[in-house]
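Chains as they are written, first to last, in our numbering: chain A, 1 to 239; chain B, 1001 to 1239; chain C, 2001 to 2239; chain D, 3001 to 3239; chain E, 4001 to 4239; chain F, 5001 to 5239.
Where a beta carbon is used, it is the ideal one built from N, C-alpha and C, also for glycine.
These notes concern the structure reproduced below.
Below is the structure:
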C-alpha cells in the first residue's frame, strides 16, 4: 500500500471534501465522493488516511454464522487486526444496511490500534457506543443486526466499490461532514497542495462576501481578484 | 413577484409547517409539503419568504464546466445576486443530490444580501461551513461534488417542482424542523391568520393534555371545548 | 396482551438493540430489527414495552377527512386513548412518510397516559414540538401533512408489519439509537436474561480492548477468556 | 360482500382503466390506480370482479414454515378455497416481491373455482406456468421464493392497502394492460354507466383524429362536438 | 429548432442506440442515454427526430383540473398540435409515473400529424390502445391516472431533463429497444456518419464471431482486423 | 471449478426455479433467488450451468476507457474468452444498470464458445441484437452506455454478490422466466434429484386441481395424496 507523506496528510486535514471534489474535477475525475455515506457522529467527521479495503458479499446460511468469528483467520477479524495504523478501513457492503458492517468492540479495537477511521457503505451496529468513542466512522444508517445475517467477508486489499465510488488499496480517503472523498494515490500530494491554495483563496473570498461584496468578479477568481488575494495573503488576512 | 405583507410574514413565523398543512388541506390542497427536504442545520429551521425560483437540468460535458462560473450572466450566479432580500431561493435540482446545488460562499452571499433562506431538493456542498452560518438552508443530503458535474442552470423565476411540490415564483415558503411548505401566494394572508388561530387553540389543547385530559372532546375542537378555549384566552392562559 | 414482568423490563432497559439482535439470531430469528425507523430525538432513544398495534391503509377522499377525528370511536383516536400505560404504540403506516402517523398533541397524550413510547414506519408531524417532549418516538422522517391526506386507520391490536418486521400485539419492543427490535413475547424473559450476560461480557471485552488487547481470543469469547471474565466479574470490574 | 350487478359487470368489461380513472377523478377520487402492479401475462389483462382481500405481514422464522400449509385452516389456503366465484383475490403483500404471494397450483385452483382473477402488490412464483393458464394475474415482478420465507397471512376480508391504494372487501376491481383500478362498491354501477358513455365518445373522437382532425374543439368535448357525436351515434358510426 | 438533414436522419435510423452511446463517449459525453425509459410496444422501437420539449411540474388542486383541457391554449394540448412533423415530443414529467403524460387520443393525433414519436420519463395512459397504433412511444411504466392528478404543463421548447439526461430543443432523439439517446444537435451529422462506419465494422466482427473467431484482435478493431474489414467490405460481405 | 454431472444437469433443466427455491428452503437456504434479474428475451429463459464469475467496480475516468479493450489481458475480455463451455458467466455489476455489462458481440462470442448463458445484476447493451441470438441472458434492464462509463472489471472467479445473492465460482446457476437461482455446488446433485420428485408430484396435483379438486389434502401432499400419487405414477398419468 502506498504511503501518504506527512505533509500531504497534514494538508488534507485542513481542506474540505467539497474543495477536493472541485480539485479532482479539474483532473477530469467526476465520481470521487461516495453517495449515501455519512458521519455516524456529526461531531467527529475529519479523517485522512490510506484506504485498507474489506469486501463483503451477501451471506449464505450454511456458510455464515457467529461461529466463524472464533476462527483467528476469519477475514472480518483479520481486517480489524491487520489494517495499518494511520490508514482507513473501507468496507464494501454492497450498499446494504440490513446488517452491521462492524460493531463497537471492533471499532474500539481499530481506534486502539491507531487506525485513522472506518467507512462502510452499509451500516454500523452499536451506534450509541460508537458515538461515545469520538472516532471517525462513516456509514449509511445504523444496522443493529449481526453481520452474518446478511454479510460475508471475502477478501481484503482488493479494489472495491464503496458508495458508488472505486476504491483501490492505498487510495487516500478524506472525510468531513459532507462525507467521504477518494483521491487516487498518485494524485494525493499534488491535490493536497492545490487544495490548500484553493482553500486559502476561499477564505479570502468568504471574508469579502461577509463584508458585502458580490461573488461576481470574486468567486471564482479573476485576474484582478487574484491580485487582491495576493495582497491579502501578504497582509496576514488583515486586508 | 407578489410581496408578502409584514403582518402575514410575522404570523407565518409563529406557526408550524404541520399546522399550515392542515390549514391548506381545508382548501383542498393536499400536496404542499416537500418530500425529502430537510434542514441542513437542525438548530436553524425557521424561514418565511416569497419563492424566487432557479431550475437545473442534468449537465452535459460540452456545455457545463467550471468555466461558466466566470461569466457574470451565468444563471447560477445571477440567481444568487438577484434573488431579492426577504425572499427564499428555491432550487429545482430534479431531486438529485449527486452534485451540490450551491456551496458555502454562495450561501454566505445570500445571507449577506438579506435573502431569507435557501431550499433545494438536491444537496448543498460545504455543509460544515454552511452549518456555521446560522442560516436557514434546506436540502436532501450533503452533496460535495461540484455543481457542473451533474447540474446545469436553465432558468430563473419560472414555475418549478421542488421535492414533489409545485412552486410558482412568489408563492410563500415556510420552513421548520418538519421541512418546507409552499403556500399559494393568493392564500397567504388568509392562511396566516387562520393558522394563528389554530395555533392558539393547539396551545390551549396541549396545556389541557399535559394536565391529564383526554383528547376526546378536546382535539379536534368541539363546541364545548371552543367555549372553554375562549375563556382560557380571556384569562391569559392562566385557566 | 401478554405482560412483561418487571425484572425483564428492567433488564431490557440495560441492554442494547444490537446485543438483542445477536441474541435472537441464536434462536434463528434474523428479521427482528426494523428498517428505516429511527429515533426522532437522538437524545431520547431508550424504550421498552409491549406492542399495542395500530394499522393504517391508504386513505380515500370520500372516507377520510378531518371530520372523522370528531368521532370518539375513530380508531386513530381510540388507539391513543386505549393503548395501555407501559406499552408501546406501534403503527403500520405501510412505510409511507407522505403524511403524519401522529402529531404532537397525540404524542403528548400518550406521554401523559404513561405509554412507554411510540413507533411508526411512516413519519410524525410537529416534530419540533415532539422533540421538546423528551419522549421516545421512532419514525422514518418528519411528515407534516395531515394524516387523512394519505392514511386511514383500520384496526388495532392485530398483527402488523412495521419497518419490514412482523409485530404481534404483546411482542416486546426495545429501542435505542440503533433503532427498534421486536422480541417475540414468549422469548422475552429468557432473552432479557441472556442479553444481560452478553452485555456484561461485552463490557469486560471492551475494557480489555481499550487497554490494547486484540479481539482475537477475546471477542467472541473463548473458554479462556470466559474464565478471565469470571474473575473480572468477581473483582468488581477492577480487573 | 356487495355483489356487482351483471349489467355493470358487463359494462366494466368494455371500458378501460384509464377512462375509469378519469371518471373517478370527477368524484374527487385521485388515488384509485395501483402503482407497480402489472399483468403477468400481457395477453391476458382484462378482469372485473368484487375484491376478496388477503393480508400478509412479514414472516417470522419460528411461526412461518412450509408445515403451516398442511393445516386446512391456514389462511393462505383458506383464501384460495373461499374466495367466491366471480370475485378477484386481492393480496396485500406490503409491496414486497422477495417471496411469492402465490404459485401456479394455487392460481390454477382459483381459475378452476371460477374466481375472476388475482392481484398482488408483491410477486407470483411459477410465472412460466401461470402464463400458460390464460388467467388474469397482476403483480409487481416474478418472485420465485417460497411464501413463508418473507410473508405470513394474517387475515382475510379486512380493508387492505394494495399498490398504494385502499381496497375494501367488495370494492370493484377492474384491470387491463394499464394495470388495476379499485372502484368503491357504492359507485360501481353509476361509474360503469358513465364510463360507457365516455368510451363511446372517445371512439368517436379517435375516429375523427385518425381522419386528421385536431383535438382542439373535439377532445375534451365541446357543446358542438357533442352534437356531432350524437349524430355519429345515430348514424351507426358511419359518420 | 435545428433541422436534421435527410441523409443523417436515414443513417441514424440504421444504427443502434448502443453504438451511438459509444460514439458520443468518444466526444467525452457520458450521460446521453435516458434511464428508466423504455418502449411501450416492444415491436415498435425505432425512432429518429428533433426534440420538441414539454415540461410538467407537480400539479396543484386549485390550478389543475380537467377543465383546463377545454382551453385551446392549454400547453398540454398546444404541444400536441404544434410539435412539428418529423420531430419527437419529449416530455419532462419529473420521472414520475403516478399520472399519465398523455393518452391514446393525444398520441393518435401526434401520429396523424406526422410527429415521429413521443417520449416521457413518466408514463402513458391507455397503453392497450397506444400499443395498437404501431407508433414509437417511450415511457417508464403505464400510468392510467388523469394527467392533472399529478402533472401540470408549464412550458414548451425550453431545455429539460428527461430520464436523467439534458434535452435541448432541436437535439436529436434516437430510440430502439435499448431506449432513448439524445445527440447534441451540432454533432448529429458527424455522429451519424461515424456511427454508420462503426456499425459496418460491428456487422463484420459479428459475422467473424459467429464463425468461431475470438474477439481478441477483432473487437475492438486492430490495424490488422481493420484491413480484413476493408477487404470484407470490398467483397460485399461474402468474406 | 466443480463440474456438474450430466444427470443432474439434465434434471435441473426440467425443474422450475420456484421448485428449486422451495427445495433449498428445506435446507434452510432462504436467499438463493436473485432480485431484479430477469430474462432479456422472454422466450429464451432456460439455462443450467456452473457459475464463472466476473466482478466490476465503479469506473474511474483516468483508468477506464475504451482503450483498455485493446489489451488482450483486459479482464472483461478474458472473462468472455475463458469462461468454460457449459458454464454460466455471472457478473457482479453492483446492481447498477447505468452502463452495459456486455454487448451483443461479446454475447455472440459466449454463445459461439458454448457457454450456457450470461447473467448480470446490471444491464446489457445492444439488446435488440442479443434478443435475436436465442441465447439465455438475464439482466435488470437494457443499458446502452459503454461499459467503461460506469464499470471496471477487477477480478474473475472470486466470490461475488449478484442480485443480492452470494455466488461462489462453481455454484450451479438455473434460470427460467421467474429469474435465476444459485444452488451451492455441494448440494446440486441432491437437490436436482429431490426437485425432480417434487416436480412430478406438482404435475399430478395440478392435473387434479384442473379437474376441480381442492388443494386441501392435495397440496402440499398428505400421506393419502402421496399414495394416490404413487398409483398415478404407476398408471402413467392416465389416473
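(message) Within 9 Å of any Cβ in chain D, is that where the Cβ of residue 2115 of chain C sits?
(response) Chain D has no Cβ within less than 9 Å of the Cβ of residue 2115 of chain C.
(message) Taking the beta strand (DSSP E) that residue 57 of chain A belongs to, which residues open and close that run?
(response) Here the beta strand (DSSP E) through residue 57 of chain A covers 47-58.
(request) Using a threshold of 9 Å, state whether the C-beta atoms of residue 2044 of chain C and residue 2134 of chain C are closer than that. (result) The criterion of a C-beta distance shorter than 9 Å is satisfied by residue 2044 of chain C and residue 2134 of chain C.
(message) Once the 5 residues before and after residue 150 of chain A are set aside, which same chain residues still bring their CB inside 8 Å of it?
(response) Same-chain partners within the cutoff: 58, 59, 96, 98, 99.
(request) Between the Cα of residue 1102 of chain B and those of B:1157, B:1126, B:1176, B:1083, spot the shortest distance and give me the residue it belongs to. (result) The candidate whose alpha carbon is nearest that of residue 1102 of chain B is B:1126.
(message) For residue 4129 of chain E, count the other beta carbons within 10 Å of its own beta carbon; 16 or more makes it buried, fewer makes it exposed. Which is it?
(response) Result: buried.
(message) Taking beta-carbon pairs under 8 Å, can you tell me which members of the region 3052-3067 of chain D lie near chain F?
(response) For the region 3052-3067 of chain D, which is checked against every Cβ of chain F, the residues closer than 8 Å are 3066.
(request) Consider the Cβ of residue 4239 of chain E: report whether some Cβ of chain F lies at a distance smaller than 9 Å. (result) For residue 4239 of chain E, the predicted model reports a pLDDT of 42, less than 50, meaning its position is unreliable and no value from the coordinates is stated.
(message) Using a Cβ-Cβ cutoff of less than 8 Å, which residues in the same chain neighbour residue 4068 of chain E once the five nearest sequence positions on both sides are dropped?
(response) Cβ-Cβ distances below 8 Å link residue 4068 of chain E to 4074, 4076, 4148 in the same chain, with the five nearest sequence neighbours on each side left out; the list follows chain order.
(request) For residue 2065 of chain C, collect the residues of the same chain with a Cβ closer than 7 Å to its Cβ; drop the 5 residues on either side in sequence, then sort them by chain order. (result) Excluding sequence neighbours, residue 2065 of chain C sits near 2148.
(request) Flag residue 3088 of chain D as yes when its Cβ comes closer than 8 Å to any non-hydrogen atom of the ligand PLP, and as no otherwise. (result) Among the ligands in the structure shown, none appear at all, so the ligand PLP cannot be discussed.
(request) Answer with buried or exposed for residue 4071 of chain E, where buried requires no fewer than 16 other C-beta atoms within 10 angstroms of its C-beta. (result) Residue 4071 of chain E comes out exposed.
(request) Take every Cβ of the region 79-95 of chain A, pair it with every Cβ of the region 201-210 of chain A, and state whether three or more of those distances are shorter than 8 Å. (result) Contact between the region 79-95 of chain A and the region 201-210 of chain A is absent, with fewer than three C-beta pairs closer than 8 Å.
(message) Please tell me whether residue 131 of chain A has its Cβ less than 9 Å away from any Cβ of chain C.
(response) Yes, residue 131 of chain A lies at the interface with chain C (some Cβ there is under 9 Å from its Cβ).
(request) Alpha carbon to alpha carbon, how far is residue 3079 of chain D from residue 5034 of chain F? Give it in angstroms, no decimals. (result) Those two C-alpha atoms are separated by around 28 Å.
(request) Quick one: list the residues of chain B neighbouring residue 4094 of chain E, beta-carbon separation under 7 Å, in chain order. (result) When 7 Å is used as the limit between beta carbons, residue 4094 of chain E is near these residues of chain B: 1161, in chain order.
(message) Please identify, using Cβ separations under 9 Å, the residues of the region 2001-2029 of chain C that lie next to chain D, in order along the chain.
(response) Taking 9 Å as the Cβ-Cβ cut-off against chain D, the residues of the region 2001-2029 of chain C that qualify are 2027, 2028, 2029.
(request) Going by DSSP, name the residue or residues bridged to residue 1152 of chain B. (result) Beta-bridge pairing links residue 1152 of chain B to B:1057.
(request) Determine, using beta carbons only, whether residue 219 of chain A comes closer than 9 Å to chain B. (result) Taking Cβ atoms only, chain B reaches closer than 9 Å to residue 219 of chain A, which makes this a yes.
(message) Rounded to whole angstroms, what is the Cα-Cα separation between residue 1062 of chain B and residue 2144 of chain C?
(response) Answer to the nearest angstrom: the Cα atoms are 41 Å apart.
(message) Per DSSP, what are the beta-bridge partners of residue 162 of chain A in this structure?
(response) Residue 162 of chain A is bridged to A:165.
(request) For residue 5042 of chain F, count neighbouring Cβ atoms within 10 angstroms of its own Cβ and tell me buried if that reaches 16, exposed if not. (result) Exposed.
(message) Considering just the uninterrupted stretch of the beta strand (DSSP E) at residue 4092 of chain E, what are its terminal residues?
(response) 4088-4092 is the extent of the beta strand (DSSP E) around residue 4092 of chain E.
(request) Kindly indicate which residue of D:3142, D:3171, D:3109 has the alpha-carbon position closest to the one of residue 5176 of chain F. (result) Of the candidates D:3142, D:3171, D:3109, D:3142 places its Cα closest to the Cα of residue 5176 of chain F.
(request) Mind checking which residues open and close the alpha helix (DSSP H) that includes residue 108 of chain A? (result) Element bounds for residue 108 of chain A: 104-112.
(request) Using the Cα positions of residue 2194 of chain C and residue 2027 of chain C, report the straight-line distance between them to the nearest angstrom. (result) Between the alpha carbons of residue 2194 of chain C and residue 2027 of chain C lies a distance of about 12 Å.
(message) Check this for me: beta carbons of residue 3053 of chain D and residue 3140 of chain D, under 9 Å apart or not?
(response) Contact flag unset, no.
(message) Do residue 3152 of chain D and residue 3122 of chain D count as a contact pair if the criterion is CB distance below 9 Å?
(response) No Cβ-Cβ contact shorter than 9 Å links residue 3122 of chain D with residue 3152 of chain D.
(request) Anything in chain D within Cβ reach of residue 5206 of chain F, meaning under 9 Å, just list it in chain order. (result) Neighbours of residue 5206 of chain F on chain D, chain order: 3104, 3105, 3108, 3129.
(request) Examine chain C for any beta-carbon lying closer than 9 Å to the beta-carbon of residue 3039 of chain D, and answer yes or no. (result) At a cut-off of 9 Å between beta-carbon atoms, residue 3039 of chain D makes no contact with chain C.
(request) Could you confirm whether any beta carbon from chain C is found closer than 9 Å to the beta carbon of residue 3157 of chain D? (result) Chain C contact via Cβ: absent.
(request) Hey, could you find the ends of the alpha helix (DSSP H) residue 2199 of chain C is sitting in? (result) For residue 2199 of chain C, the enclosing alpha helix (DSSP H) has its first and last residue at 2188-2210.
(message) Would residue 1221 of chain B and residue 1012 of chain B be called neighbours here (beta carbons separated by less than 9 Å)?
(response) No, the pair does not count as a contact, with Cβ atoms beyond the cut-off.
(request) Can you tell me which of the three DSSP states residue 2039 of chain C falls into? (result) Per DSSP, reduced to three states, the secondary structure at residue 2039 of chain C is strand.
(message) Determine, for residue 47 of chain A, whether the minimum Cβ-Cβ distance to residues of chain F falls below 9 Å.
(response) False, the Cβ-Cβ gap to chain F never drops below 9 Å.
(request) Starting from residue 4137 of chain E, follow the beta strand (DSSP E) in both directions and report where the run begins and ends. (result) 4137-4139 is the extent of the beta strand (DSSP E) around residue 4137 of chain E.
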